[in-house]
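Colleague: Before I ask anything, let me first share the structure, which is written out below as structure tokens.
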Amino acid sequence: MEIAVLLRNDLRLHDHPALSQAVLDGKILPVYVLEENLGDAFKYWTHRNLETLQSSFREIGGELFVSRLPLPETVRALQEELAITAVYFNQSHHPQQRIRDEEFALQLVGEGLIVRIFEGTMLLPPSESVKGNGEPYQVFSPFYKQFRTKSIPPTVPRIREALFVGCDLNIKSISTDITSLQLVPSIPWTHGMDEIWTPGEDAAIERIQTFIDEDVAAYKITRDFPAISGTSRISPYLAIGSLSVRSVYHYTLKTQPDVSEAFIRQLIWREFAYQMLIHFPHTVSKPLNPKFSKFPWLNNEEHYEQWCLGQTGVPLIDAGMRELLSTGYMHNRVRMNVASYLTKHLLIDFTKGMSWFWNKAIDADFANNTFGWQWTSGSGADASPYFRIFNPYLQSKKFDSEAVYIRKWVPELRGLSNQDIMEPDQASSDALEKAGVVLGETYPRPIVPHKAGRARALLAYEKIKK
DNA sequence: TAAACGTTCAC
DNA sequence: TGAACGTTT
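Numbering (my numbering), first residue to last: 5 to 470.
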């Protein structure tokens, strides 16, 4: 049997259910299919991960086939040119892709092709995580509790050898090379990403093993401090699928069963985000809580731009936004703060934040991004109540008490004391002068003072409360 | 995965 | 005066 294995955000040879079954069933043709509307940073990350995946296939005597066509056209062309008789792939949970895939699969089956769909993204297929009455969970704690009682399917072995369908035939009409997909931005802004992130599954596995072996026990405490590398930093690998979440789960519980629950809990938050997207696909653009459709957003364009570029005049917020822009990543503690600041202090629609992160985050994941923004804005499932408004100055004091994170990303304030650097507009003119800071010139004044911003946000919330 | 604000109580 | 705690937003 000649099997096309369609690859998307699952660029790995380890624990790849579709590939692994295909290798047992016949000759394989691994095919990368570019989907539409990927974010800019994620495109670049995809490019780099495709390169490492290509070398992995070459090491075992094969070749990654890169298609220039959309998924249905790709399969059609492979059918005609290479007499493919089967198509295997890991299911996409992107609402539109999933519907298209299911319809197309039915068509192909109707024509006599063998189509097999696997779960390669989630710990459990989403159908298994529903309440007793069949309804989806919308509160995390009970979801987590029942999830933890389930056994997660074991991983499948890494592909080490396979029979490949010869693809050097007359199929230039379909195939292209990685570079021609044009995933690398023409104006380069990716230098900071290159410095921080190593693509590929070997790097991904090394990262998670180091974290689990050395850091997971302290995670519960250290994860809150953005200047410490206390988090796993595996999100970019999970997003492109160069790391399998089941591998992470099993490795963690096998090697550190007694000290890893806080981390496991985060993997289950991811699972929760996916099942919310699956059951409530409208949340990609509309608030989950319908009350929020009447929310009086201000949507000031200039303020939005200041937020995007890290020029709000609030050091912690600016540090985070600059970290994102430079590295494609932002520490989770700071993500919560910048999201709170955008939606509450600035009263800017959470979908604007969603789209900035979609384009700038190297770990852009459709489910996580959607869920996270719904949650922080107060609209989402099990959301923090709207009145949970972060005080960015208090957050700096609690979680970056030595201002190490702020100094790293807001260098123009480095000369200020730990106290002044967190809130430079409250520093004495003497202190500012000594540090070479001129408010409004070398560093902006805050767009909105904290107290006034908080009061304004609460007032806006009153309007949709009924 | 919050913060503000009021009250109480110990100095 | 200021922790400490409970309640409100």
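For every residue, glycine included, the Cβ atom is placed at its ideal position computed from N, Cα and C. Predicted, not measured: the structure shown is a model, and the values here were computed from it.
Per the DSSP calculation, Asn94 is bridged to which residue(s)?
Modeller: Partner(s): Phe122.
Colleague: Compare the C-alpha of Leu127 against each of Arg16, Ser246, Leu75 and Glu275 and name the closest.
Modeller: Among Arg16, Ser246, Leu75 and Glu275, the Cα nearest to that of Leu127 belongs to Glu275.
Colleague: Looking only at DSSP bridge pairs, what is Tyr36 linked to?
Modeller: Bridge partners of Tyr36: Leu11 and Val70.
Colleague: In chain order, what residues of the same chain lie with their CB nearer than 6 Å to the CB of Gln58, ignoring the 5 residues before and after it?
Modeller: If we look at Gln58 and ignore the five residues flanking it on each side, its Cβ neighbours are Leu68.
Colleague: Which partner residues of Tyr447 appear in the DSSP bridge assignment?
Modeller: Leu443, per the DSSP bridge assignment.
Colleague: Roughly how far, in whole angstroms, is the beta-carbon of Trp301 from the beta-carbon of Leu351, given that I think they are within contact range, below 8 Å?
Modeller: Going by Cβ atoms, the distance from Trp301 to Leu351 rounds to 5 Å, so yes, they are a contact pair.
Colleague: Looking at C-alpha atoms only, which residue of Val37, Ala461, Leu417 and Pro99 is the closest neighbour of Val79?
Modeller: Looking at the Cα atoms, Val37 is the closest of the given residues.
Colleague: Excluding the 5 residues flanking Asp44 on each side, which residues of the same chain have their C-beta closer than 8 Å to its C-beta?
Modeller: The residues are Pro189, Asn363 and Lys364.
Colleague: Should Met5 go down as buried or exposed, given a rule of 16 or more other Cβ atoms within 10 Å for buried?
Modeller: It is exposed - the Cβ of Met5 has fewer than 16 other Cβ atoms within 10 Å.
Colleague: Return the bridge partner residues of Phe168 from the DSSP annotation.
Modeller: Phe168 pairs with Ile32.
Colleague: Using CA atoms only, rank isn't needed, just tell me which of Ser60, Phe370 and Leu42 is closest to Gln186.
Modeller: Selected option, being the one with the closest Cα: Leu42.
Colleague: Which whole-angstrom value describes the C-beta separation of Ala368 and Gln378, a residue pair presumed to lie in contact below a C-beta threshold of 8 Å?
Modeller: Not confirmed; about 16 Å, so no contact.
Colleague: Take the Cβ of Glu466 as the centre, count every other Cβ of all protein chains shown within 10 Å, and call the residue buried at 16 or more, exposed below.
Modeller: Exposed: under 16 other Cβ atoms inside 10 Å.
Colleague: Alpha carbon to alpha carbon, how far is Leu242 from Arg449? Give it in angstroms, no decimals.
Modeller: Looking at the two C-alpha atoms, the distance is approximately 38 Å.
Colleague: Got a sec, what are the start and stop residues for the alpha helix (DSSP H) Lys224 sits in?
Modeller: That run of the alpha helix (DSSP H) goes Tyr223 to Thr226.
Colleague: Fully enclosed by the region 195 to 224, which alpha helix (DSSP H) runs are 4 residues long or longer?
Modeller: Those alpha helix (DSSP H) runs which fall completely within the region 195 to 224 and span 4+ residues are 195 to 200 and 205 to 214.
Colleague: What are the boundary residues of the alpha helix (DSSP H) that Phe267 is part of?
Modeller: Start and end: Glu265 to His283.
Colleague: Thinking just about the alpha-carbon of each residue, which of Val35, His286 and Glu306 is nearest to the one in Ser297?
Modeller: Cα-wise, what sits closest to Ser297 is His286.
Colleague: In its own chain, which residues sit with a C-beta less than 8 Å from the C-beta of Tyr253, not counting the 5 before and 5 after it?
Modeller: Hits under 8 Å: Leu127, Ile156, Ile268 and Leu271.
Colleague: Measure the C-alpha to C-alpha separation of Gln142 and Gln213 and round it to an integer number of angstroms.
Modeller: So the two alpha carbons sit approximately 32 Å from each other.
Colleague: Taking 8 Å as the threshold (C-beta atoms), are Ala431 and Ala371 in contact?
Modeller: No, Cβ-Cβ distance for Ala371 and Ala431 is not below 8 Å.
Colleague: Would Val160 and Asp322 be called neighbours here (beta carbons separated by less than 8 Å)?
Modeller: Going by C-beta atoms, Val160 is not nearer than 8 Å to Asp322.
Colleague: Closest by CA to Ile468, which one among Asp206, Glu406 and Lys295?
Modeller: Nearest of Asp206, Glu406 and Lys295 to Ile468, Cα basis: Lys295.
Colleague: Would the region 72 to 90 count as touching the region 111 to 127 if we require 3 or more Cβ pairs under 8 Å?
Modeller: These segments touch.
Colleague: Could you name the residues that DSSP lists as bridge partners for Val134?
Modeller: Pro140, per the DSSP bridge assignment.
Colleague: Under the three-state reduction of DSSP, which class applies to Thr159: helix, strand or coil?
Modeller: Coil, per DSSP.
Colleague: Could you check which residue in Gly138, Leu420 and Ser383 has the C-alpha nearest to that of Val288?
Modeller: Closest by alpha carbon: Ser383.
Colleague: Comparing alpha-carbon positions, which option in Arg326, Ala461, Asn336 and Glu327 lies nearest His349?
Modeller: His349 has its Cα closest to that of Ala461, out of Arg326, Ala461, Asn336 and Glu327.
Colleague: Taking the alpha-carbon positions, what's the Asn422 to Val9 distance?
Modeller: If I take the Cα positions, the gap works out to 55 Å.
Colleague: When the Cα atoms are used, what is the spatial distance from Glu427 to Asn53?
Modeller: Straight-line Cα distance between these residues: approximately 40 Å.
Colleague: Taking Cβ to Cβ, would you say Val70 is nearer than 8 Å to Ser145?
Modeller: Not in contact: Val70 and Ser145 (Cβ atoms no closer than 8 Å).
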